[in-house]
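The block underneath contains the structure these notes are about, expressed in structure tokens.
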Amino acid sequence: MLKRFGDVMPAAYVRNEPWELGSISNYRASGAYYRQLLQTVYKAAHAAKPDVLILANDQITNFEDNIQSVEGMTAFVDATSHHTGWTDNRGAVQSAAIGKPAWETQDWASHYDAYVVASMTMKLAGGYTKTNPTTDSGYLFSVGREHMGSAYDNDSDFYSPSAIGQALSTWLHFIEDTDFAGRVHPATLPRILLFKGRAPVQKHVAVVIGRIKAYGALYKKDEGDVDWPQITTFGELRLDDKDATLSVCDISGNPLKRTDNRFDIPLTEEPYYVVSSRGLDDCAARLRAATARYEGNVFHTSLQDFTRPVADKPPVRVTVTCGIQAKMGATVALTPPDGWKLEPREIKIPALAPGQSHVAEFKVVQAVEKPANQYPFTVSIASDAGLLEFREVLHAAVFRKATITVDGQLADWEKAGAVPVLLSAQGMIVAEKVENPWQPLASLKTADPGAIVARFAGLWDDKFLYVAAEVRDPAGELRPSMAKGTYYLMHGNPFDYLYWWGPTVPGTRGCGLKIAIDLRRPGDKLDRWIPAEYQRRFEGWGNHLSADYEYDLYLGQQNVVREKYAAIVTEHLGRLANPFIAKIRGGWPPFDEPTFMATGEPLPELWRLMTPGLARGNYYPFTPRPRRDQSLLEEAALVVKRTEAGWLYEAAIPWEELAEVRPAAGKEIRFSFYVLSAGQRALSWTTGRSACRGFQILHPTWITGDAIETVWGFAE
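Each number in the numbering used here corresponds to the 1-based position in the sequence shown with 17 added.
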């Protein structure tokens, strides 16, 4: 093909998303087979056309598991290719770290022209060397006008390809032959990105993006921007231009009118382009001096749980961050639960600089302990820009110090004074019905009597971190055992019968409990694939890197496949040679559904998914791994069992495994857990929490979900 069409084929990529054991794009083989395929294609392609670029396997998780995990394999890739959302630039940064160009071959974006332009602008700023406007112009997500909640609801050309085409043409006019040069006030809205022209063409430009909503699957009406979810209104940027040396154009290239020696740039979802006749430095300086004005709340505000028992009267902490390019003060007021008293009644916060945070502490004078460990607070943030009010339920999130026996009986937890938290898929537990925090789960009342409910608690001593969870859940689906189950009965490639059947990402089969601890920030992560100097280029507004520690607790079924593998392969090869229906001729015929036979009692298993420095792989990889890599944690004491109400998990994880935590009374760590039910993420400690909203974790084992910003404390 390259010999015939090489003059119009500068690049090609090998296989769309070849998930090991997955079925996307009809892939039915393993990582080992993919590596053989890639090497064969790479050598043949370069023999036919030496300057061709071979791109590899799209998703960054595939790249890690299939290529980076095997020494020498990156030599068979000329450029990496990526499928991304708008804030996901991790693949591009990772490509830069290995010295390879990054191409975007598929974008999960909206059909909305402003979103597309903003998305590509942010990706270029994050390190992409190539991005293809045709893939950015609406591959997957589009939303109906009734869900937009924006100023563009009445636009009859909402889905018009010409609108996107014009927006992309304008974007290319300003951005082509430039390189990203920096940001103005990178921690706040509006986003102002600077692009410097390449010599000899001195074409410099600043792109101003007022705000972005997460259109498509991530969009929730009235929840605001994906990065600053509490800033829900439009505004304007007042940019002085007394000497008439600036020009400003909108998304379509139309010039903005100068009024009273200044530009009032609308801060909406549409980007604006700013150019100075005096050069980029002058443009940047003028934009730094500009003032952003948003109508309504301009603060990102979060509350944290109590990291000491409520009886100790720990303070209530409210973190307030100025989210715009302007100085702004505020008054914070808290309404506590009935029976509580706080001092002072309100706290005045001095003017905060763009991106600056302030922690307001309210002293607890009187507290009333609730057996349900649920304390609703209402926070009010008043400023010259407007008012923000929201309600959040706080908890005592505490690891008490005690030693217990891991035996599946939780009476010693209650005796040790463990402080459980209760979580329901239908919101708060009905607190007045909870007389004892350890009462049977079946008696807990929720809005939906059938709702999944979890009770979680933690303890610690000098040797172990102890965790226990009870889950009220009718689902009883088991996973295959990782020690004595299907996953260790693999056969030859590429016709491994089972690779297409198993889970491709966490949470696609079975029931279980996941826990995670996050200690390090981007720039300090011990990430095998992204050195610290490249982590600083990671787009951290909406995305966080992996948690430092992550573990999966579940009950694994010992089993085998009933069918004989040799017979399956023979039958499948026959279907390839003689398709039984016309539509699969030349394609890949489906396998029959495998059947499994239990070979013993289910086994409780604790799987290590992440530790600092761990080489990530796809979910439960099948290739041999080093001892300190993903594997079963044999050193942990563990009980997982099915109960009358649902599930019980109890474990002791040695501190040697969690070496970086170094527990001590009074210390706080970022900690979270979530519950899987029949392959679905049923409950999450971080979902809906103000500290976590607007952030996602990007890595293959925690699912694309809320970042871990919830804090737990160690207590005596």
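All C-beta atoms, glycine included, are put in the ideal place defined by N, C-alpha and C.
- Note on the region 366-408: whole beta strand (DSSP E) runs with a minimum of 3 residues are 374-383, 392-400, in chain order.
- Looking at the DSSP output, Phe-481 bridges to Pro-671.
- By DSSP's assignment, Asn-576 forms a beta bridge with Ala-615.
- With contacts defined by Cβ atoms closer than 9 angstroms, Trp-430 and Leu-476 form a contacting pair.
- When C-beta atoms of the region 683-702 are compared with those of the region 290-307, fewer than three pairs fall below 8 angstroms, so the two segments do not count as touching.
- Pro-621 has Leu-572 as its beta-bridge partners, per DSSP.
- Look at Glu-253 here: in three-state DSSP terms it is strand.
- Comparing alpha carbon positions, the residue from Asp-479, Ala-486, Gly-573, Ile-532 closest to Pro-497 is Gly-573.
- Looking at the backbone, the Cα of Ala-413 and that of Val-438 are separated by about 8 angstroms.
- The beta-carbon distance between Leu-185 and Val-201, rounded to whole angstroms, is 24 angstroms. This is too long to meet the 8 angstroms contact definition.
- Straight through space, the alpha carbons of Pro-629 and Leu-284 are spaced by roughly 40 angstroms.
- Counting other Cβ atoms within 10 Å of its Cβ, Asn-453 stays below 16 and is therefore classed as exposed.
- Between the alpha carbons of Asp-75 and Thr-352 lies a gap of roughly 49 angstroms.
- Between Ser-441 and the set Arg-21, Asn-390, Asp-124, the nearest pair of CA atoms involves Asn-390.
- Relative to Trp-719, the option among Leu-655, Ala-632, Tyr-568 whose CA is nearest is Tyr-568.
- Note on geometry: alpha-carbon atoms of Ser-563 and Ala-204 lie some 21 angstroms from one another.
- Ranked by Cα distance from Ala-180, the first of Ile-282, Glu-287, Val-222 is Glu-287.
- With a cut-off of 8 angstroms on Cβ pairs, the region 618-632 is not in contact with the region 392-409, counting fewer than three such pairs.
- By the 16-neighbour rule on beta-carbons within 10 angstroms, Asn-278 is exposed.
- Rounded to whole angstroms, the Cβ separation of Leu-631 and Leu-570 is 18 angstroms, and the two are not in contact under 8 angstroms.
- Collapsing the DSSP output to three states places Thr-463 in coil.
- Nearest Cα to Ile-366 within the set Val-337, Pro-354, Gly-356, Arg-215: Val-337.
- Close CB contacts of Leu-55 within its chain, under the 7 angstroms cut and outside five residues either way in sequence, are with Val-31, Ala-73, Phe-93 (chain order).
- Counting C-beta pairs with one atom in each stretch, the region 310-325 and the region 417-434 have fewer than three that are closer than 8 angstroms, which means they do not touch.
- DSSP places Arg-417 in the strand class (E or B) of the three-state scheme.
- At least 9 angstroms separates the beta-carbon of Ile-226 from that of Thr-122.
- A distance below 7 angstroms between beta-carbons, with the five flanking residues on each side excluded, links Gly-502 to the following residues of its chain, in chain order: Gly-573, Gln-574, Gln-575, Asn-576.
- The C-alpha of Ala-261 is placed about 43 angstroms away from the C-alpha of Arg-538.
- When secondary structure is reduced to three states using DSSP, Thr-276 falls in the strand class.
- Per DSSP, the unbroken alpha helix (DSSP H) holding His-63 starts and ends at 48-65.
- In the three-state reduction of the DSSP assignment, Val-438 falls in the strand class.
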